[in-house]
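In the working numbering, the protein residues as written are 76 to 367. All C-beta atoms in this analysis are idealised placements derived from N, C-alpha and C, irrespective of residue type, glycine included. The model shown is predicted, which means the values in this text are computed figures rather than measured ones. Okay, so here's the structure we're looking at.
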Amino acid sequence: MEILSFLDKGWGITEVAQYHSLSTSTVKRWRNQYQLKGIGGLKPIYPYPETPENQHAADLYNAFLNYFLLDGTFLGYYSDETRKLINEILDANDAQLKIEPGDMDELAQAATQNDYFGLNYYQSQFIKAYDGDNESSFNGTGEKGTSAFKFKGVGELVKKPGVEQTDWDWNIYPEGLYDILKIVSERYPNSKTIYITENGLGFKDRYEGPDQVIEDDERIDYIDQHLDAILKARKEGVNVQGYFVWSLQDQFSWANGYNKRYGLFYVDFETQKREIKKSAQWFKELSNTIPQ
């Protein structure tokens with residue numbers, strides 16, 4: 076579940092909590108029929124500048140975006156620290172966490188049933204302390220610098236100098252993938268095998284004409300840097316067993332329409348013709364270096 080997407084579109088923290096509780100109530104029915112997987116989009120949060128107040132803001136937002144889901148999924152309960160941080164957010168927003176009778180029992184049972192963890196990672200974010208009202212402006216057009224996010228009682232997302240951003244204001248920060256892999260592996264050993272189920276760069280590809288290879292070196296650099304982060308984590312014992320680039324070809328985005336392209340192959344949406352991108356050639360060559 077991509078919580079920030081719900082928030083950007085006007086959903087609040089109580090809806091997220093209720094959805095999470097609702098999902099746990101179905102686990103028991105599914106467990107004997109299907110193999111259970113765990114797939115989630117994670118987004119490490121860092122303080123900027125590094126001050127005690129901003130670190131606390133990062134702790135709050137990490138608990139909300141990451142640990143609230145991970146604790147329930149892999150621990151089967153919410154740690155005291157996660158509960159404390161979530162309750163602080165709820166109090167600041169005059170909200171409450173709704174837990175139905177039996178939910179925690181089902182969480183505890185489901186925590187042992189996961190076959191693997193599928194991690195979707197695109198970016199990390201930077202935050203400073205903020206005590207005003209909730210404000211959100213979603214960049215769905217690719218007009219750089221038009222996004223804003225202020226979470227009452229938590230923090231305000233900021234740009235960190237030196238960290239490159241896409242036209243959609245997403246931070247290109249492969250270090251965050253390494254960090255979250257280490258966190259999942261060390262804090263949640265029950266996560267078992269990890270697969271990177273989504274990772275890629277949304278970009279305004281330049282189409283030069285039919286039968287021309289589209290130059291997208293930025294996408295190649297992005298994938299290459301994130302693969303390096305994965306390899307670094309693997310060398311340190313994190314059990315990552317697979318990587319899935321997002322995506323094979325350009326497609327419709329529910330938040331950005333057809334303007335934001337992720338594919339290794341370019342799609343002319345009017346004619347449906349496909350054109351190869353340089354990243355597709357590079358990824359093919361890279362794949363051929365992997366021993367069978």
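Exercise. Do you know whose CA, among Arg-281, Ala-308, Gly-275 and Glu-311, lies nearest Ile-295's CA?
Worked result: Gly-275
Exercise. According to DSSP, is Asn-195 helix, strand or coil?
Worked result: strand
For this session: Helix, strand or coil for Lys-203, going by three-state DSSP, please let me know.
Result: strand
Exercise. Bridge partners of Leu-232, per DSSP?
Worked result: Ile-202
Exercise. For the candidate residues Ile-174, Ala-204, Thr-187 and Gln-198, whose alpha-carbon lies nearest to that of Glu-123?
Worked result: What sits at residue 123 in the sequence shown is Tyr, not Glu. Among Ile-174, Ala-204, Thr-187 and Gln-198, the Cα nearest to that of Tyr-123 is on Ala-204.
For this session: Out of Gly-332, Ser-211, Leu-145 and Pro-285, point me to the one whose CA is closest to Gly-277's CA.
Result: Gly-332
Problem set entry | DSSP-derived helix/strand/coil call for Asp-242 | coil
Problem set entry | Rounded separation between Gly-116 and Gly-312 - CA only | 22 Å
Exercise. With burial defined as no fewer than 16 other Cβ atoms inside 10 Å of the residue's Cβ, what is the status of Asn-107: buried or exposed?
Worked result: Residue placement at Asn-107 cannot be trusted, given a pLDDT of 48 that sits under 50; the coordinates are not used to answer.
Exercise. Just the Cα atoms here: how many angstroms apart are Gln-347 and Arg-336?
Worked result: 14 Å
Problem set entry | For Asp-280, the nearest candidate out of Thr-221, Gly-338 and Lys-173 (CA to CA) | Gly-338
Exercise. In terms of residues, what are the limits of the alpha helix (DSSP H) holding Gln-130?
Worked result: 127-137
Problem set entry | Cβ pair Tyr-152, Ala-183 closer than 8 Å | yes
For this session: Pick helix, strand or coil for Gln-326, following the three-state DSSP scheme.
Result: coil
Exercise. Quick one, which of Gln-240, Asp-286 and Asn-209 has its alpha-carbon nearest Val-229's?
Worked result: Asn-209
Exercise. Any contact of the stretch 242-250 with the stretch 156-170, i.e. 3+ C-beta pairs under 8 Å?
Worked result: no
Exercise. Grouping DSSP H, G and I as helix and E and B as strand, with all else coil, what is Ile-269?
Worked result: strand
Problem set entry | Inter-residue CB distance, Tyr-318 and Ile-269 (contact presumed, cutoff 8 Å) | About 10 Å separates the two Cβ atoms, so there is no contact after all.
For this session: Look up Phe-224 in the DSSP assignment and give the residues it is bridged to.
Result: Ser-211
Exercise. Would you report the Cα separation of Gln-130 and Ile-202, rounded to the nearest angstrom?
Worked result: 8 Å
For this session: Using the Cα positions of Leu-194 and Leu-145, report the straight-line distance between them to the nearest angstrom.
Result: 11 Å
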